[in-house]
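Peer 1: Dropping the structure in here first, questions after.
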Amino acid sequence: DSETSQLQEFKTRIDAAEGQKKKLLEEAADLTAAPMLRTAWVALLDEVSQLMPARNIWITSLRPMSGDAVLQLSEKQSAGSIGDAAGAQTADDQNGQAVTGIAIDGLYLENEGGPAVVDAFVDSLVQSDLFAIDPEKKNDAVKLRSAQTGETWAYEYKLVLPLKRPIPL
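What follows is the structure, given as structure tokens:
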């Protein structure tokens, strides 16, 4: 019994030290993620800009997503909202979650290649280090690609692009 009580005392100290270690590792993870958070959006926007075809295509809206839901910034985060699609959630409701993808809406100009300019955009995004688009299922990223009808000068497209590394909120 005396040995057991001595060992129990050591166990209590070890458990306390392991709890403190876990807490310190969580804090360290937050600190190591801070530099990435500072540049994550710049890198993401730069990547999209670099991979977008030079002609005949525009982005009209780019919104962060968590899971399948488009996020909206709350009033205290921004004077304007990020989007107002069905299933939208405020970033405050996403406590502890992360941005796992982006939704892009845009227009492509009527051209000889038709909607192939959208396909070229998706093909270039497949090669990106930031987006998790399976080359075998790249058409899953395209949610809308309007066909040219000759009735207007530009046609809609919508993409949903999952990120390889989520961006914490």
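Under our numbering, think of the first position of the sequence shown as -18, with each following residue one higher. Where is the CB? At the ideal position from N, CA and C, for every residue including glycine.
(1) Give the DSSP bridge partners of SER47, in chain order.
(2) In the DSSP assignment, what residue or residues form a beta bridge with SER(-14)?
(3) Mind checking ALA152: buried by the 16 CB within 10 Å criterion, or exposed?
(4) What residue does the beta strand (DSSP E) around LEU166 start on, and which one ends it?
(5) If you draw a straight line from the C-alpha of ASP100 to the C-alpha of ALA122, how long is it?
(6) Look at the alpha carbon of GLU23 and the alpha carbon of PRO16, and state the distance between them as a whole number of angstroms.
(7) For LEU150 versus VAL80, is the C-beta distance shorter than 8 Å?
(8) DSSP three-state call for ALA97: helix, strand or coil?
(9) How many whole angstroms separate the CB atoms of VAL29 and GLY82, which I take to be in contact at a CB cut-off of 8 Å?
(10) Tell me the DSSP bridge mates of VAL123?
(11) Determine whether the beta carbon atoms of ASP86 and LYS119 lie at a separation below 8 Å.
(12) List the whole-angstrom C-beta distance separating LEU106 from ALA135, where the pair is believed to meet the contact cut-off of C-beta under 8 Å.
(13) Going straight from the alpha carbon of PHE112 to that of LEU52, what length do you get?
(14) State the beta-bridge partners of LEU90 as determined by DSSP.
(15) If MET46 sits next to ALA84, beta carbons under 8 Å apart, how far is it from one beta carbon to the other, in whole angstroms?
(16) Identify the residues that DSSP records as bridge partners of ILE40: which are they?
Peer 2: Let me lay it out:
(1) As a working mapping, residue 47 is identified with position 66 in the sequence shown. Looking at the DSSP assignment, SER47 forms a beta bridge with ALA50.
(2) Translated into positions along the sequence shown, residue -14 becomes position 5. The secondary-structure analysis by DSSP pairs SER(-14) with nothing; it has no beta-bridge partner.
(3) Any property of residue 152 remains undetermined from this structure, which presents the chain solely from -18 to 150.
(4) Since the displayed the chain opens at -18 and closes at 150, residue 166 lies outside it and no answer follows.
(5) For the purposes of this step, residue 100 is taken as the residue at position 119 of the sequence shown. For the purposes of this step, residue 122 is taken as the residue at position 141 of the sequence shown. So the alpha carbons of these two residues sit roughly 10 Å apart.
(6) Locating residue 23 in the sequence shown gives position 42, where the first residue counts as 1. Locating residue 16 in the sequence shown gives position 35, where the first residue counts as 1. One point to set straight first is that residue 23 is Val, not Glu, in the sequence displayed. Near 12 Å, if we compare the C-alpha coordinates of PRO16 and VAL23.
(7) Here the question's residue 150 lines up with position 169 in the sequence shown. Here the question's residue 80 lines up with position 99 in the sequence shown. Going by C-beta atoms, LEU150 is nearer than 8 Å to VAL80.
(8) As a first step, residue 97 must be located in the sequence shown, where it is residue number 116. When secondary structure is reduced to three states using DSSP, ALA97 falls in the helix class.
(9) Working through the sequence shown from its first residue, we reach residue 29 at position 48. Working through the sequence shown from its first residue, we reach residue 82 at position 101. Contact between VAL29 and GLY82 is absent: CB atoms are separated by about 12 Å, not below the 8 Å threshold.
(10) In the sequence shown, the residue the question calls residue 123 occupies position 142. Residue pairing for VAL123: DSSP places it in a beta bridge opposite LEU140.
(11) Within the sequence shown, the letter at position 105 stands for residue 86. Within the sequence shown, the letter at position 138 stands for residue 119. The answer is no: Cβ separation not under 8 Å.
(12) Locating residue 106 in the sequence shown gives position 125, where the first residue counts as 1. Locating residue 135 in the sequence shown gives position 154, where the first residue counts as 1. In fact, because the Cβ distance is near 20 Å, the residues do not count as touching under 8 Å.
(13) By one-based count along the sequence shown, residue 112 stands at place 131. By one-based count along the sequence shown, residue 52 stands at place 71. Take the alpha-carbon of PHE112 and the one of LEU52: they are about 18 Å apart.
(14) Taking the sequence shown and counting its residues from 1, one reaches residue 90 at position 109. In the DSSP output, where bridge partners are listed per residue, LEU90 has ALA135.
(15) Working through the sequence shown from its first residue, we reach residue 46 at position 65. Working through the sequence shown from its first residue, we reach residue 84 at position 103. Between ALA84 and MET46 the Cβ distance is about 5 Å, and since that is below 8 Å, they are a contact.
(16) By 1-based counting over the sequence shown, the position of residue 40 is 59. Among the bridge pairs identified by DSSP, ILE40 is matched with GLY87.
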